[in-house]
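So the sequence shown is residues 10 to 263, counted in my numbering. Quick reminder that beta carbons are idealized off the backbone N, C-alpha and C, glycines included. Only a predicted model underlies this, so the values are computations on that prediction, with no experimental measurement involved. First comes the structure, then the notes that go with it.
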Amino acid sequence: MRVIVSGSYQDLSKKAAEIMAEQINKKPESVLGLATGSTPIGMYKELIAMNKDGKVDFSKVTTFNLDEYVGLTPDHDQSYDYFMWDNLFSHVNIMKEQTNIPSGIAADLPTECASYEKLVAKKGGIDIQILGVGHNGHIGFNEPSDSFTISTHVIELASQTIEANARFFEEKSQVPKKAVTMGIGAIMKARHVLLIVNDKSKAEAVRQLFSGKVDPQVPVSILQLHPNLTILVDRETADLLPLNEDSREVVLQG
Ligand code: GLP
10 MRVIVSGSYQ DLSKKAAEIM AEQINKKPES VLGLATGSTP IGMYKELIAM
60 NKDGKVDFSK VTTFNLDEYV GLTPDHDQSY DYFMWDNLFS HVNIMKEQTN
110 IPSGIAADLP TECASYEKLV AKKGGIDIQI LGVGHNGHIG FNEPSDSFTI
160 STHVIELASQ TIEANARFFE EKSQVPKKAV TMGIGAIMKA RHVLLIVNDK
210 SKAEAVRQLF SGKVDPQVPV SILQLHPNLT ILVDRETADL LPLNEDSREV
260 VLQG
């Protein structure tokens, strides 16, 4: 586990973009696992700037997004499909047919989930997976539960998630109650996981990652078992985490 503490959201986003670009430059046909939410927006902005400056080329990458709301069409401004085009895909030289987002409107969602899972495997799995985290510790939309779900599945959103995401909708009642999410299996199989945290109110959930205890009630806690995990965290949140153990590389910036 490598923890990088940054003084500002901009530094954090820059560092995340540099790590992504390094991966793409090393392997132009990289498979990227992408996330939505407000946290990675700064990283996407940096990547757009780097792409315009010729520092990173998306023409050969394949992308898989973590999740999508059930019932929202891609043109709905709160769908994760819309988010990705708005915040990244429309602004870089990516091939549309190489971008993948689970469909939340497929007539047969279990079949859609199975195909998505197969496609990730067919492409050789994920080289680098970007993750944010929910206040309740969810990753993607893998919500707190008594057990982990390994493959892509339909999930009932936790009331805390509906509450948290209501800010993006006109009314709380408009927040979908279900989502399709990649499971814990594809995330844990990613060759590199990059977790970005920029909100001290998430520190309690993230602390579980340092506890030595994997708990499906706090899904992010499973990442402590990942052999190649980088955590990018803002200083205020980092101050609330137990980062002084010798076994962890802590890089302070800014
Ligand atoms: C959503 C997404 C997650 C994301 C989380 C946190 O629920 N499904 O992938 O990590 O929100 O979002 P934010 O970064 O806005 O706090």
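Item	Value
Measuring alpha carbon to alpha carbon, tell me which residue in Arg200, His162 and Glu245 is nearest Val215.	Glu245
Taking Ile137 as the reference, give the member of His144, Thr170 and Leu238 with the closest Cα.	Leu238
Near Tyr53, what residues of its chain come up, given a Cβ to Cβ distance below 6 Å and the 5 sequence neighbours on each side ignored?	Asn96 and Leu97
Under a three-way DSSP split, which group does Phe177 fall into?	helix
What's the gap between the Cα of Val142 and the Cα of Ala173?	12 Å
Could you tell me which uninterrupted alpha helix (DSSP H) segments, each at least 4 residues in length, are contained entirely in the segment 39 to 69, listed from first to last along the chain?	50 to 61
Helix, strand or coil, according to DSSP, for Thr170 in the structure here?	helix
Can you tell me the Cα-Cα spacing of Ile139 and Ile28, whole angstroms?	10 Å
If you draw a straight line from the C-alpha of Val65 to the C-alpha of Thr82, how long is it?	30 Å
Who are the Cβ neighbours of Leu234 in its own chain at under 8 Å, not counting the five residues just before and after it?	Met197 and Val223
Can you name the start and end residues of the beta strand (DSSP E) that Asn74 belongs to?	Thr71 to Asn74
Less than 7 Å separating the Cβ of Phe92 from some heavy atom of the ligand GLP?	no
From what residue to what residue does the beta strand (DSSP E) around Gln138 run?	Ile137 to Leu140
Using the Cα positions of Ala212 and Asp248, report the straight-line distance between them to the nearest angstrom.	9 Å
Which of the three DSSP states is assigned to Arg244 in this structure?	helix
Would you say Val163 and Ile171 are within 8 Å of each other, going by their C-beta atoms?	no
Touch check for the segment 90 to 109 and the segment 66 to 75: three-plus C-beta pairs under 8 Å?	yes
Per DSSP, which residues does Leu238 bridge with? Please list them.	Val202
Note down, one range per segment and in chain order, each alpha helix (DSSP H) of at least 4 residues found wholly within the segment 84 to 122.	89 to 96
With respect to 7 Å, is the separation between the Cβ of Ser168 and the closest non-hydrogen atom of the ligand GLP below this value?	no
Flag this pair as touching only if the segment 30 to 42 and the segment 121 to 136 have three or more C-beta atom pairs under 8 Å; answer yes or no.	yes
Go ahead and pull the three-state DSSP assignment for Glu77.	strand
The ligand GLP heavy atoms versus the CB of Gly149: any closer than 7 Å?	yes
Taking 7 Å as the cut-off, does the CB of Leu218 come closer than this to any heavy atom belonging to the ligand HEM?	You won't find the ligand HEM in this model; what it holds is the ligand GLP.
Have a look at Asn207 and Tyr18 and give me their C-alpha separation to the nearest angstrom.	7 Å
Nearest by alpha-carbon distance to Asp76: which of Leu203, Gly149 and Glu179 is it?	Gly149
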